[in-house]
DNA sequence: TTGACATATGTCAAATTGGGCATAATATTA
DNA sequence: TAATATTATGCCCAATTTGACATATGTCAA
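Residue numbers (my numbering), protein chains in the order written: chain A, 1 to 108; chain B, 1 to 108.
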């Protein structure tokens, strides 16, 4: 994890809400893009799961994972990788293009 | 790692070339998509690096990583995650949309 | 050829991520 | 309201991923 991400975690743990993370924390464009991707994928995952009428437990089963991890996936928790996020999307039937679209989706 | 991915590794280690991995190994659509994404991102990474006139060492430095890992990234090695692949693309200046496009790119 | 540079591959300790459990918080329904 | 279902969060530690290193292989010009 990068320095800035650690800093953010510390701040959030201390009860701060980070309004505009991008320049407040001076994230590099790449770091910012990564955060945005995580958010975009998280949201798509939740939408797809709900559209499919699945509970987190049901999705976890399809994924071969646990409810708690699905909750973290959808929360964009720092402990989940893009890798797992993408696996999860594929697990509920998203195509490669669907994932690409989700990835590029606006989140601001 | 999944069962089938392990199987593929064993086969490749034994000297086999996997022509059409998709149905020979009976990968699920999701697993196949994941493999394709890895390949697509790997290729985009190498193209971008070469276009930028960078060596693997130079890119490794920008990434905060090592030459060997960059080599593995470009080789689509099983030991690299989509996460790192995406970080690498962002590190050489790809935008979120660029990554999305790369991800969806045809590889067959 | 040799030498210099670039890339590939194997290994391993350290760091990150994952699964699963317990439990808390938050709906939702009777 | 209480009971039930769903989602969130913290924790542990096993598994995976990573950076770094050594070394092998490949490339190309002198």
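Glycine included, each C-beta is placed from N, C-alpha and C at the ideal position.
Cβ of residue i less than 8 Å from any chain B Cβ?
| i | result |
| --- | --- |
| residue 108 (chain A) | no |
| residue 30 (chain A) | yes |
| residue 74 (chain A) | no |
| residue 70 (chain A) | no |
| residue 100 (chain A) | yes |
| residue 87 (chain A) | yes |
| residue 96 (chain A) | yes |
For a contact meaning CB atoms closer than 7 Å, what does residue i contact in chain A?
| i | result |
| --- | --- |
| residue 90 (chain B) | 30, 33 and 34 |
Within 8 Å of any Cβ in chain A, is that where the Cβ of residue i sits?
| i | result |
| --- | --- |
| residue 83 (chain B) | yes |
Below 7 Å on C-beta distance, what does residue i contact in chain B?
| i | result |
| --- | --- |
| residue 104 (chain A) | 96, 97 and 100 |
My understanding is that residue i touches residue j, with C-beta atoms under 8 Å, so please give their C-beta distance in whole angstroms.
| i | j | result |
| --- | --- | --- |
| residue 40 (chain A) | residue 90 (chain A) | Not a contact, Cβ separation roughly 16 Å. |
| residue 86 (chain A) | residue 99 (chain A) | 6 Å |
| residue 73 (chain A) | residue 42 (chain A) | 7 Å |
(request) May I ask you to verify whether the region 79–95 of chain B touches the region 71–86 of chain A, counting CB pairs closer than 8 Å and requiring at least 3? (result) yes
(message) For the pair the region 32–50 of chain A and the region 92–108 of chain B, tell me if three or more CB-CB distances fall below 8 Å.
(response) yes
(request) Could you tell me which uninterrupted alpha helix (DSSP H) segments, each at least 4 residues in length, are contained entirely in the region 29–76 of chain A, listed from first to last along the chain? (result) 29–51, 56–63 and 67–75
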